[in-house]
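Protein chains: 2
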Amino acid sequence: MADSDLVVPEGWDPGRGKAAALNKRYNFERYGQTRDFLDRVAELSESDGYHPNISFGTTYVNITIDARDGERLGEADVAFALEIDRLYVDKG
Amino acid sequence: MADSDLVVPEGWDPGRGKAAALNKRYNFERYGQTRDFLDRVAELSESDGYHPNISFGTTYVNITIDARDGERLGEADVAFALEIDRLYVDKG
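Protein sequence lines, in the order shown, are assigned to chains A and B. In this text, residue positions in the first sequence follow this note's numbering: the first is 167, and each later residue adds one. In this text, residue positions in the second sequence follow this note's numbering: the first is 167, and each later residue adds one.
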């Protein structure tokens, strides 16, 4: 679940059922871009002290942001999602 | 499927059904080890020119090696799996 007034950022799927999580898939043209994005998300995770679940292949990255409190998605989860979106936009 | 005489390395799950792939989960005590392992697998992938599908969180990495020829697992897929095992053993 998410707080009822929580705004889910564009392109993020809040998922269904009990497991409160934000999911999004990012696509890339070549592995070099995928690699850069993963490195930047890793830096963001380190500085934020929060590690999302990530799956990736040569030209895609799926990110799953679980609710930090283990129950309801909150502002911090949405803020983290928006920061990841910025990393993707900045990939040039 | 896999070549019938193909030896699947220890701990790797060859999966079932049509999708020929080797799957394995690696666990770690802390994120630093997970990060080192991911970086080493990335280097191996670059040098080998082959990128497995990977999912990871703070202290786990799942690796899926799809059959390079898109159909049957072969020696190169098994060799790649064994090289990844060595990276895990060497993590100290």
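For every residue, glycine included, the Cβ atom is placed at its ideal position computed from N, Cα and C.
*Under 6 Å Cβ to Cβ from Gly177(B), same chain only, skipping five residues before and after it: list those, please.*
In the second sequence, residue 177(B) corresponds to position 11, counting from 1. Taken in chain order, the residues that qualify are Lys190.
*Of the choices Asp251(B), Leu239(B), Ala247(B), Glu249(B), whose alpha-carbon is the least far from that of Asp171(B)?*
For this step, residue 171(B) is matched to residue 5 along the second sequence. When each option's Cα is compared against that of Asp171(B), the closest is Leu239(B).
_Going by DSSP in three states, Ala187(B) sits in which element: helix, strand or coil?_
Here residue 187(B) refers to the residue found at position 21 of the second sequence. Residue state, collapsed to three classes: strand.
_Asp232(B) - containing beta strand (DSSP E), residue span_ = The residue you call residue 232(B) lines up with position 66 of the second sequence. From DSSP, the beta strand (DSSP E) with Asp232(B) extends over 226–232.
*Take the Cβ of Ala245(A) as the centre, count every other Cβ of all protein chains shown within 10 Å, and call the residue buried at 16 or more, exposed below.*
By 1-based counting over the first sequence, the position of residue 245(A) is 79. So Ala245(A) ends up on the exposed side.
*Would you list the one or two residues that DSSP bridges to Asp179(B)?*
Looking up residue 179(B) in the second sequence gives position 13. For Asp179(B), which the question treats as bridged, DSSP gives the partners Asn189(B).
*asked:* Looking at chain B, is there any beta carbon in it that lies within less than 9 Å of the beta carbon of Pro218(A)?
replied: Locating residue 218(A) in the first sequence gives position 52, where the first residue counts as 1. So yes, Pro218(A) belongs to the interface.
_Tell me the rounded alpha-carbon separation between Ala186(A) and Thr225(B)._
The residue you call residue 186(A) lines up with position 20 of the first sequence. The residue you call residue 225(B) lines up with position 59 of the second sequence. Their backbone Cα atoms lie some 20 Å apart in a straight line.
*Expected contact under 8 Å - CB spacing of Leu253(B) and Phe194(B) to nearest Å*: Within the second sequence, the letter at position 87 stands for residue 253(B). Within the second sequence, the letter at position 28 stands for residue 194(B). Leu253(B) to Phe194(B), Cβ: 12 Å. No contact.
_Per-residue DSSP class, three states only, for Leu204(B)_ = For the purposes of this step, residue 204(B) is taken as residue 38 along the second sequence, with counting starting at 1. Here Leu204(B) sits in helix by DSSP.
*Going by the beta-carbon positions, is the gap between Pro175(A) and Ala247(A) smaller than 9 Å?*
What you label residue 175(A) is simply residue 9 of the first sequence in a count that begins at 1. What you label residue 247(A) is simply residue 81 of the first sequence in a count that begins at 1. Yes, they are a contact pair.
*Just reading off the beta strand (DSSP E) that Phe194(B) is part of, what are its end residues?*
Taking the second sequence and counting its residues from 1, the one referred to as residue 194(B) is at position 28. No beta strand (DSSP E) contains Phe194(B), which DSSP labels as neither H nor E.
_On the CB-based measure, 16 or more other CB atoms within 10 Å of its CB, does Val207(A) come out buried or exposed?_
Position 41 of the first sequence, counted from the start, is the residue given in the question as residue 207(A). So Val207(A) counts as buried.
_Residues of the stretch 170–197 of chain B with Cβ closer than 7 Å to any Cβ of chain A, in chain order_ = Tyr197
_Asp256(B) to Thr200(B) span [Cα, whole Å]_ = What you label residue 256(B) is simply residue 90 of the second sequence in a count that begins at 1. What you label residue 200(B) is simply residue 34 of the second sequence in a count that begins at 1. Computed Cα separation, rounded: 13 Å.
_chain A within 9 Å of Phe203(B), Cβ atoms only_ = Along the second sequence, read from residue 1 onward, the residue named residue 203(B) stands at position 37. So, not an interface residue.
*State the Cα-Cα distance for the pair Pro180(B) and Asp205(B), rounded to the nearest angstrom.*
What you label residue 180(B) is simply residue 14 of the second sequence in a count that begins at 1. What you label residue 205(B) is simply residue 39 of the second sequence in a count that begins at 1. Distance between Pro180(B) and Asp205(B), taken at the CA atoms: about 24 Å.
*Evaluate Val227(A) with the Cβ neighbour count: other Cβ atoms within 10 Å of its Cβ, from every protein chain shown; 16 or more gives buried, anything less gives exposed.*
Mapped onto the first sequence, residue 227(A) falls at position 61. The residue is buried, with at least 16 neighbouring Cβ atoms inside 10 Å.
*Can you have a look at Asp243(B) and say buried or exposed, based on whether 16 or more other CB atoms are within 10 angstroms of its CB?*
Counting from 1 along the second sequence, the entry for residue 243(B) is found at position 77. Flag for Asp243(B) reads buried.
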